[in-house]
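Engineer:
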Amino acid sequence: MELCRFTDPEVDHFRLCFPDGTIFHPFDSSTKSDSISDVWITFPVAPFQTGSTYPFPVFTQGFFTLTGLCYIQAMPMVWRVLYIVEHIIEQEGIGIGMSELSQLYNLVSHGSYRYLFKSKPQKPLPILKTTKNDTNRRNQFFFVRRDSIPNGNQLPKKWNTGGRI
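All letters in the sequence shown, in the order written, are residues 2 to 166 by the numbering used here.
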């Protein structure tokens, strides 16, 4: 797994994306992205770069609850699609659920138990320009103490490595 290269000053940019009282793990260059434990949860930077805050909206959290994925296992493209769908639900009042999402995309592994959405064969790409290549994304993560965030103790404590989701 990847070593963390996201330092404390960089994490400071995202502190306002979390509730008051959230405890962030100090930077440690020896920590790896799969260093999830009973005490700490790994967050990728991707959702916060697109404007998300924690706790994540219902649709987004429902996706992770249903799939059993840790947040760090979702590639940035997944976060962008979820963010856009959340805005469609919120602004347009359209009832989109997991079954509609599964009709548009397959969730596939990109290797190393990281996942992305792949549009269904023979169907047009539902949301355009979400597949941008993010350089250094694997090294951009940070840790938050579970008991300092809402529902932190219910979040996965290990990577989903069970194969097809």
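Here a beta-carbon is modelled for each residue, glycine too, at the ideal position from N, C-alpha and C. This one's a predicted model, so the numbers in the text were calculated from it and none came from an experiment.
Could you pull out every residue in the same chain whose Cβ sits closer than 8 Å to the Cβ of Thr43, ignoring the five residues on either side in sequence?
Structural biologist: Ser34, Asp35, Ser36, Ile37, Cys71, Tyr72, Ile73, Phe142, Phe143, Phe144
Engineer: Mapping DSSP to helix, strand and coil, what is Arg147?
Structural biologist: Here Arg147 sits in helix by DSSP.
Engineer: Residues in its own chain within less than 7 Å of Ser149 by CB, not counting five upstream and five downstream?
Structural biologist: Gly22, Thr23, Ile24
Engineer: Rounded to a whole number of angstroms, what is the C-alpha to C-alpha distance between Pro56 and Trp160?
Structural biologist: Annotation: Pro56 to Trp160 spans about 20 Å, alpha carbon to alpha carbon.
Engineer: On the three-pair Cβ rule with 8 Å, is the region 114 to 129 touching the region 91 to 101?
Structural biologist: no
Engineer: Suppose the cutoff is 8 Å on Cβ atoms and the five residues either side in sequence are ignored; what does the same chain contact list for Lys121 look like?
Structural biologist: Gln104, Leu105, Tyr106, Asn107
Engineer: Compute the Euclidean distance between the alpha carbons of Gly112 and Pro77, then round it to the nearest angstrom.
Structural biologist: Spanning the two alpha carbons is a distance of roughly 14 Å.
Engineer: Do you know whose CA, among Val59, Val79, Ser53, Gly153, lies nearest Lys119's CA?
Structural biologist: Val79
Engineer: Note down the Cα distance separating Glu87 from Pro58, rounded to an integer number of angstroms.
Structural biologist: 7 Å
Engineer: Unbroken beta strand (DSSP E) runs of length 3 or more, entirely within the region 21 to 50: which are they?
Structural biologist: 41 to 45
Engineer: In three-state terms, what does DSSP make of Leu156?
Structural biologist: coil
Engineer: Tell me where the beta strand (DSSP E) around Leu1 begins and ends.
Structural biologist: There is no way to answer for residue 1, as the model of the chain reaches only from 2 to 166.
Engineer: In whole angstroms, give me the CA-to-CA distance for Lys158 and Gly96.
Structural biologist: Roughly 31 Å separates the two Cα atoms.
Engineer: Is it buried or exposed for Arg6, if we count other Cβ within 10 angstroms and need 16 for buried?
Structural biologist: exposed
Engineer: Let me know if Thr170 comes out buried or exposed under the rule of 16 or more other beta-carbons within 10 Å of its beta-carbon.
Structural biologist: Since the displayed the chain opens at 2 and closes at 166, residue 170 lies outside it and no answer follows.
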